[in-house]
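Following: one structure in structure tokens, then a few remarks.
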Amino acid sequence: MSGPFMHMWFHTQPQDTVLFKTWNVTDAGTMAWVCAIIVVTGIMLEAMKFGRWKIEKWQKQREEVLTRSYFTRLFSPIHVAQSILFMIQLCFSYVLMLIFMTFSVWLGLAVVVGLGIGYLIFGSRME
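Sequential numbering from 635 applies to the sequence shown in our numbering.
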């Protein structure tokens with residue numbers, strides 16, 4: 635059972651497999667579309683981080699949070715939502731890491747550009 639060849643060094647060939655055996659990049663046009671999807675995914679990850687930060691900031695401004703017990707805060711709807719968003723954020727992060735680990739220069743650049751644009755848009759608002 636041999637699978638497709640996986641590069642163990644950075645390469646610029648447009649033929650690659652991304653995440654799943656069925657997601658094959660066969661030409662430069664497909665590579666451009668895949669890179670665009672990856673850039674959007676990176677921006678979405680940074681937007682999610684910003685959203686979690688905004689919810690946390692809003693929650694800290696509420697005084698009633700400070701007066702409730704630990705277990706009440708632990709199972710509050712806001713904290714449960716934050717936990718779910720964190721798990722989704724982790725999935726996005728690991729997917730982007732696995733994409734970078736294909737060692738495709740183009741896919742790696744798409745990850746960096748997507749996260750960079752996302753940080754440019756949302757990162758400065760978290761100060």
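All C-beta atoms in this analysis are idealised placements derived from N, C-alpha and C, irrespective of residue type, glycine included.
Three-state secondary structure (DSSP) at residue i?
| i | result |
| --- | --- |
| S727 | helix |
| M635 | Residue placement at M635 is poorly supported in this model, since its pLDDT is 45, which falls under 50; the coordinates still yield a value, given next. Correct three-state label for M635: coil. |
| S762 | Only positions 635 to 761 of the chain appear in this structure, which leaves residue 762 out of reach. |
| S758 | helix |
| T626 | For residue 626 there is no data in the structure shown, the boundaries of the chain being 635 and 761. |
| V659 | strand |
| T646 | coil |
| T651 | strand |
Between the Cα of residue i and the Cα atoms of the options, which residue gives the shortest distance?
| i | options | result |
| --- | --- | --- |
| Q693 | A681, M682, Q716, V674 | Q716 |
| M642 | G752, Q723, I755, F734 | F734 |
| A666 | V739, L754, T706, F654 | V739 |
| F756 | R696, A662, R686, W657 | R686 |
| L754 | I712, G663, S703, F684 | F684 |
Cα separation between residue i and residue j?
| i | j | result |
| --- | --- | --- |
| L708 | V729 | 28 Å |
| V652 | E690 | 34 Å |
| R759 | I722 | 21 Å |
| S710 | F644 | 46 Å |
| M731 | M682 | 17 Å |
| V747 | V673 | 6 Å |
| R696 | M678 | 27 Å |
| T736 | Y704 | 43 Å |
| I712 | S727 | 22 Å |
| T706 | K688 | 21 Å |
Under 8 Å by Cβ, that's how I've got residue i and residue j pegged, so tell me the actual separation to the nearest angstrom.
| i | j | result |
| --- | --- | --- |
| T660 | Q647 | Incorrect: roughly 11 Å between the Cβ atoms, too far for contact. |
| G676 | G742 | Incorrect: roughly 11 Å between the Cβ atoms, too far for contact. |
Which word fits residue i, buried or exposed, when buried means at least 16 other C-beta atoms lie within 10 angstroms of its C-beta?
| i | result |
| --- | --- |
| E680 | buried |
| C669 | buried |
| L749 | buried |
| T591 | The structure shown does not extend to residue 591, since the chain is modelled only from 635 through 761, so no value can be given for it. |
| A662 | exposed |
| V714 | exposed |
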